[in-house]
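Enquirer:
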Amino acid sequence: RVEGETFGIANAEAVAAMGDQRLVAFASGGTPEAAIGCGMLVEPPFSVDRLVDALWLQLQAVGERPRDAACRRAAADNFSLQRFVERYSSWYATLAAAGPAARPPLLGYSLAQPTTP
Numbered sequence: 005r006v007e008g009e010t011f012g013i014a015n016a017e018a019v020a021a022m023g024d025q026r027l028v029a030f031a032s033g034g035t036p037e038a039a040i041g042c043g044m045l046v047e048p049p050f051s052v053d054r055l056v057d058a059l060w061l062q063l064q065a066v067g068e069r070p071r072d073a074a075c076r077r078a079a080a081d082n083f084s085l086q087r088f089v090e091r092y093s094s095w096y097a098t099l100a101a102a103g104p105a106a107r108p109p110l111l112g113y114s115l116a117q118p119t120t121p
């Protein structure tokens, strides 16, 4: 996990590359979203022992090829460039339709009422 990374792109890449590699990660930040139900997420309380246990369970699951293929397809569908553009376009359209008053302040400034220095 990269400190400060809220999505967990390395986890999404691990799911997309499922083969002999398995995703095992702590369920924090954006990791659950990036994992899309594939691999194993360790729930709190986080500890090295719990992570090792999860790794051991995943090592024993090597060879579940149909599930691996399904995970690769899900990652490709959920994190493709096309899907990214669709989601952002939808989000921007929703934000634009809501009008300036509905937007959250940005860095302490309101977008509805510009301030002058």
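Here my numbering is used: the first residue of the sequence shown is 5, the next is one more, and so on. Yeah, the Cβ is synthetic: ideal placement off N, Cα and C, and Gly gets one too.
1) If you scan the segment 22-86 from start to end, which runs of the alpha helix (DSSP H) of 4 or more residues do you find wholly inside it?
2) Distance check for Gly34 and Leu59, CA to CA, integer angstroms please.
3) Determine the contact status of Ala100 and Ile40, defining contact as a CB-CB distance below 8 Å.
4) Out of Ser94, Leu63, Ser32, Gly103, state which residue places its alpha-carbon closest to the alpha-carbon of Arg26.
5) For Pro127 and Tyr96, I'd like the C-alpha separation in whole angstroms.
6) If contacts are defined as beta-carbon pairs under 8 Å, then Val66 and Met44 qualify, I think. What distance do you get, rounded to the angstrom?
7) With 16 other CB atoms within 10 Å as the buried threshold, where does Gly103 fall?
Expert: On the basis of the coordinates in this document:
1) 35-39, 52-64, 69-82
2) Taking the first residue of the sequence shown as position 1, residue 59 is located at position 55. Taking the first residue of the sequence shown as position 1, residue 34 is located at position 30. Those two C-alpha atoms are separated by around 20 Å.
3) On the sequence shown, position 96 is the one that residue 100 refers to. On the sequence shown, position 36 is the one that residue 40 refers to. No, they are not a contact pair.
4) In the sequence shown, residue 26 corresponds to position 22, counting from 1. Nearest option by C-alpha distance: Leu63.
5) With the chain running from 5 to 121 in the structure shown, residue 127 is simply not present.
6) Reading the sequence shown from its first residue, position 62 is the one you call residue 66. Reading the sequence shown from its first residue, position 40 is the one you call residue 44. Actually they are not in contact, since the Cβ atoms of Val66 and Met44 sit about 13 Å apart, beyond 8 Å.
7) What you label residue 103 is simply residue 99 of the sequence shown in a count that begins at 1. Counting Cβ neighbours within 10 Å, Gly103 comes out exposed, since fewer than 16 surround it.
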